[in-house]
Structures are given as structure tokens and as C-alpha cells.
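Report on the structure given below.
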Amino acid sequence: MEQLSTRHISQQFNEEIETLRNRVMKMGGLVEQQIYRSVDALRNLDIKLAQKVINKDHKVNAMEVRIDEECAQMLALRQPTASDLRMVVAVIKTITDLERIGDEAEKIATMAELISEGGGKFHKRYAGIQHLGKQVAGMLHDVLDAFARLDVDTAIEVVRADDTADTEYQSLMRQLLTYMMEDPRTISESLDIMWAARALERIGDHAKNIGEYVIYLVKGKDVRHIDIEEIEKDILS
Amino acid sequence: MKSQLRQDISLLIFSLLVLLIIGVIIGKPFLLVCIGLTAYIVWTFYNLNRLTKWLTKQGKHVPETYGIWDDIYYQLYQIYQRQRKAKRKLAAIVSRFQESTQALPYATIVLNRQMEIEWFNNAAENMFDLIRVTDIGQRLDNLIRIPGFINYLTRRDFKEDLEFDYGGRNIRLTITPYGNHQYLLGAHDITQRRKLEVMRQDFTANASHELRTPLTVVAGYIEALQENADEKLKIPLQRIHEQTERMESMLNDLIALSRLETQALPEKEELIDVPALMQQIVKDMTAFDRGQHNIEINCQPVKLLGSREELHIVLVNLMTNAIRYSPSSGQVTLSNTVDERGMCIAVEDQGMGIPADQIPRLTERFYRVDPGRSRDQGGTGLGLAIVKHILDRHRARLEITSVPGKGSVFRCCFPARQIAEVDASPESIN
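The listed protein sequences derive, respectively, from chains H and Z. Numbered by this note's numbering, the letters in the first sequence go through residues 15 to 251 in order. Numbered by this note's numbering, the letters in the second sequence go through residues 3 to 432 in order.
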């Protein structure tokens, strides 16, 4: 009888953990959409879409608060151990990064608004930023998939992809600087684009962080601030 | 079975009797009977033990024994064989079924009560980037994280299909609940169809615009010509003038229709005072009609959410149709009814009516019930198509009932959620 009742409790606990993970995924989906929309708004200088993104950011924040609360409650009531504990910890960290990504998306949308208010005369310069946007959005998508599937390989790939995103960001910066030196009239708009590019680069960093939490969650190893080669050696050995 | 049992019992009694007789002879009958019974119990336990071993191992070879035990083994073996056969048959059916669903061109996913993936086919694997082994048991909304899709799943209302973008593709999704809280999800790629639709809309819009420009020039010159024309040319020019006007109104309707198709409803819907709108329409229509028909109005106070301009077009179209197809001095009634399901605005006439088999086709573009007759009455053939589009945008239905020879009723029914407020005292205003 006693055995039965403990199984029942852990079953319910399982469900709670599952629901928690599902909530994170839901939040991730929303954040992903925010990125796509903000980049689209920047490309098409679509003020309406940009405002939609800005207005939706509070939803991301509310989700973070709610999940945070649930995590605290779970820690208090269930006192999870081992992989369950790592799951709760990983969730708490992940949602912080997701919320920051949401803020960055909002920033991009604000830039889209600013640029289109300024006329948006140098539209062709956004090609590079489109590419960067696609890349970091893809990173976030992959890392959320890795979180759902507890897939370390994909998580490592995302951590590695961050370097490519950084390189891309730097070359974009250089390109924008060249434009600004050539023609000072483009400076104010180029600065706005720089801000957007910076936000995208930050999104890449946050996605990388989430990748590290996934590795921590599955392998139980903290791999922050460690070289990618070392991580691989550590994990795959 | 029974005879076997009886045989076993008689064998036991016989051997006990023999033992008893020997016991009486050697003077220890009780001891010998006890030994006999103990031997029997030991043998029974031995057999029971063998049976449990055989059952847990599910071996093919039946242990050799005799008496009732042999019978038991035989029966159990029969049951086991039958089950194995049935299992093999079922497995074959399941694998055949899975093979055939695997080959379905539409992405198919089977979900359980918690929306966890139980099974999916190759098309689904490609469409949603699923991974065959690891994703079984995963919640689908962990992998497809589009907010619209998650809302659709959590609402658990699958009467309507869902269309959404996933990885740059337009996907149309149907979910069918079945069995014990299981869900069959079917999805197909409609990117191509969507593109074609956009192309068609663009074509109609562009063609109408392009045709209107030359037509305006023609109409202008004809008007100029008409002013100083010979008597001989007066009638032909008049005809040309009429027809250019007709073409122009047709093009205007086409443009209106394509605008309705491409634009979503304005984000902020306004509050429409329905009785006021109805009264205004009746006033306009009475002027247009010049007293040939008896136009009546019967309205309930209600406010509707929507576009006033578009609702105006709907009612004007329906009223013009009613007047056009009614004999003179016939009665045309504009009325509305409100109940808990929503609000219906009805236009009733006493005209020639429409045959029942034609009713479903009425809202097609350029469809005419009686081609010869209706062209004389004017009209572009697009009126009801426009009406239907506008009503669709307001989530309303167009219901048409008609009795040939007696008249028709065109009813626009708006769902309750489009209604803003119903006044507490609904008294009719005539």
C-alpha cells in the first residue's frame, strides 16, 4: 500500500516536471516568433508588425515570472534531487535567457520603428542583418529542440555555432563602418542598424547559454566559461 | 476431464487400500497410509512446481506427466498456442496498417490525451523535422512551438482547420479526435496553393484596374459624341453608353471583391447601430424605387461589431435584388431578429423565387438563375458574391430560403460574439 502511494506521488511529480518543461517550450515558441517578427519588421520597415512585437513583450515577461514562481514552489514542496533538481535549475536559468532574448527582439522592433520613421533610405544594407537574424533564430530553434529532446549533440552544435554568429556580427560591423566613413549621411541610420545587429548577436549568446544549460541538465556538468574543445572532450569521453 | 479426475481419485483410493491391507498384515496400517498420502502430496507439489516453472518460461516442450496433470498441461498449451496465433495475426494487421499509413502523402501524427506523440509517418518526419526513435512520447507542442499552434492544441476545439507557417511553408492542419482521447493529426503543405490564390487575386485586381482606364476614355468620348450626334446615331450611341456604364460598374464590383479578398478586417471594428442603418437603407431604397414597391421595415434595437460601410453594401445589394426581382407593388420587408444565438437581418420579397437546386450556386461570381431575364434587369452578377465575402469577414452566414412563385428570404445571421449589446427593452420600431 505504501509503495503504491509513493508511486502515485512520483507520477504526479513527473507530470509537474513535464508541464514545467512544456511551459518553457511554449515561452520559447513565443520568443522565437518575436525574433522572426522583429527581423521581418526590420526588413520590410513594417511599423505595425514592430508595434505588435513591442506590445507582446510583456507576455514573455509574464511567462517568465509565472514559470519562476512555479519553480520556486516545486523546490519548496518537492525538494527534487538529481536530474529533477537539475531540470528545475536549468529551467530557472533558461527562462532568464529567454526573457532577455525577448527584450532584444523588442529592441530590434524599436530600431525598425526608428529607422522607418527616419525614412529608411539605405535599405539595401539590411541583407547582412537578415542573414544574421536567420542564423540566430535558427540557433534558438535548435537549442529549444535540444532542450525538448534532451539532446546533447545538438546543444554542443549550438554552442559552437555562436562563434560563427559572432564572426558574422563583426563583419557586419566593419561593413557598416565603411558605409559610415564613405557617406556621413548614413551615420544615424547605420547606428540604428548596428544596435539591431548587436541585439541579434546577444540573442546568439543567450542561445549558447541555453545550450550550456542543456548540457548541464543531461550530463550534470557545468560547462560555462570553458572552451568548446574541452567541453567536447569532457562530454564525449 | 471429469473421467480423468475420477480415474485419478480411484487410483489414489486403490493404492491407499493396498497400503492399508499391507499395513494390517505387517501391523502398522496408520503409518503406511500416512506414508502413501505424504508421497501423493510430494508428487502434487512436484507437479505444481513444474507447472509454475513451465508457465514462467513459456517453453515450447510440454513436460511429460500423466493423470490430471497431463490434461492441465494439454489445455494450457492449447490456450497458449491459440494466443500466439492471434498475436501474430494482430501484429501482421498492425504492421500492414502502419505500412499503409506510412505511405500516406499527408503528414500524419497520432497523439494521446497529453498530446504526446505516439506514432508518425515519413511525411510528418520531413515536414516537422521529427526524429523517429527519440520523439515518440515527446509532447508535440514541445517541438512545434508556434504560439498559434499551441493555442489551437490547448483549446481542444478542432472543428476548424488551422493554417500556420512553419519553416517558411504554409501548412494546413486537421485534428480528428478518436477512440479513447486520441487524436489523429493530418497536415499538408499548401504553400503552392496559397501562392496560386495570391496570383489569382493579384490578376483580378490588376486586370480590373487596367481595363478601367481605357474604358473611362471610351466613355468620355462617347459622351462627347452623344452631345452633337445625328439622329441616326443617337440610338446606337445610347446603347454603347449604357453598356460602357455597365462594364464600369462590373469592374468596380470586381475591384471591390478583390479588395475584400486581400484585406483582413480592419483591426478595430466599429459599433454599428443596426436599426439606424436599416432605416437609412430603407429611406435610400424607397427613393431608388420611386414608389413601385411596398417597402417595410421592422427592426429590433441592437448594436453590432463590424464595418459599417461593408454592412451597408450588403444590405443595399440584398435590397436591390429584392426590388429588382419583385413584380411592381410587391412587398419587400427588411427586418431583424435577436436571440441568444445572435442576430439575423432578413430581406424578404414576394418575387418569383429561386429553384432549390440553384440556391447553393447563387453566390458564385456571374452566376445567373435565368441568364436571359436577369441581364435585362441590369446588375453585375457580382452582388451576392460580394455579400458572401463581407459576411464571411464578419463570421456571419448567408441563409437563403425560397419558394418558387411565392418569394425568397435572404437572411444574414451574425453570431452572438459579434453583437456588442442588446438593449434591455427590445421594442420594435416601425
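Idealized CB from N, CA, C, for every residue including glycine. From a predicted model like this one, the values you see are computed outputs, not experimental measurements.
The DSSP-derived three-state label of MET117 of chain Z is coil. Close partners of ASP137 of chain Z in chain H (Cβ separation under 8 Å): ARG163. Distances from the CA of ARG141 of chain Z to each of H:ILE115, H:GLN25, H:GLU29 and H:ASN36 were compared; the closest alpha carbon is that of H:ASN36.
The region 187-205 of chain H and the region 160-174 of chain H do not touch, with fewer than three beta-carbon pairs separated by less than 8 Å. For PHE166 of chain Z, the three-state secondary structure derived from DSSP is strand. Not one beta carbon of chain Z lies nearer than 8 Å to the beta carbon of LYS148 of chain H.
DSSP places PHE161 of chain H inside the alpha helix (DSSP H), whose first and last residues are 141-163. Think of a sphere of 7 Å around the beta carbon of PRO149 of chain Z: the chain H residues whose beta carbon falls inside it are GLY43, LEU44 and GLN47, in chain order. The three-state reading of DSSP puts MET101 of chain H in helix, counting H, G and I together. In the displayed model, VAL371 of chain Z falls within coil according to three-state DSSP, outside both helix and strand. Taking every protein chain shown into account, the CB of MET201 of chain Z has fewer than 16 other CB atoms within 10 angstroms, so this residue is exposed. Residue pairing by DSSP places ILE274 of chain Z opposite Z:LEU306 in a beta bridge. Comparing alpha-carbon positions, the option among H:GLY152, H:VAL38, H:LEU34 and H:THR168 lying closest to GLY225 of chain H turns out to be H:THR168.
Taking 8 Å as the upper bound on Cβ-Cβ separation, chain Z lies near no residue of the region 57-72 of chain H.
For ILE297 of chain Z, the CB contacts under 7 Å within the same chain, skipping 5 residues up- and downstream, are VAL284, MET287, THR288, ASP291 and VAL334 in chain order. LEU213 of chain Z sits in a helix when the DSSP states are folded into three classes.
Taking the Cα of THR108 of chain H as reference, the smallest distance to any Cα among H:LEU154, H:GLY134 and H:VAL67 is reached at H:LEU154. Of the other Cβ atoms in all chains shown, fewer than 16 fall within 10 Å of the Cβ of LEU198 of chain Z; this residue is therefore exposed.
Under the rule that a run must span 3 or more residues, the beta strand (DSSP E) segments found entirely inside the region 153-208 of chain Z read 164-168, 171-180 and 184-191. Between PRO303 of chain Z and the set Z:ASP341, Z:HIS396, Z:ILE28 and Z:ILE74, the nearest pair of CA atoms involves Z:ASP341. Here LEU113 of chain Z really is in contact with TYR185 of chain Z; their C-beta atoms are around 4 Å apart, less than 8 Å. As summarised for the region 9-80 of chain Z, the continuous alpha helix (DSSP H) elements at least 4 residues long and confined to that stretch are 31-59, given in chain order.
Less than 8 Å divides the Cβ of ASP351 of chain Z from the Cβ of SER328 of chain Z.
In the same chain as THR46 of chain Z, and ignoring 5 residues on each side of it, no C-beta atom comes closer than 6 Å to its own. In this structure, TYR140 of chain H sits near LEU56 of chain H, with a CB-CB distance shorter than 8 Å. DSSP lists Z:VAL334 as the beta-bridge partner residues of ILE297 of chain Z. Going by DSSP, PHE416 of chain Z is part of the beta strand (DSSP E) stretching over 409-417.
Around the beta-carbon of SER52 of chain H, 16 or more other beta-carbon atoms lie within 10 Å, marking it buried. Inter-residue distance for THR110 of chain H and MET41 of chain H is about 11 Å (C-alpha atoms, whole angstroms). The count of Cβ pairs closer than 8 Å, one atom from the region 247-266 of chain Z and one from the region 206-215 of chain Z, reaches three, so the stretches are in contact. Going by DSSP, GLU401 of chain Z is part of the beta strand (DSSP E) stretching over 399-405. Taking 8 Å as the cut-off, the beta carbon of GLY355 of chain Z is found no closer than this to the beta carbon of HIS295 of chain Z. Taking C-beta separations shorter than 8 Å and ignoring five residues to either side along the sequence, the partners of GLU272 of chain Z in its chain run LEU307, GLY308, SER309 and ARG310, following chain order. For LEU145 of chain Z, the nearest CB of chain H lies under 8 Å from its own CB, placing it at the interface with that chain. 8 Å or more divides the Cβ of ILE229 of chain H from the Cβ of LYS222 of chain H.
Between THR136 of chain Z and ARG163 of chain H, the CB-CB gap stays under 8 Å.
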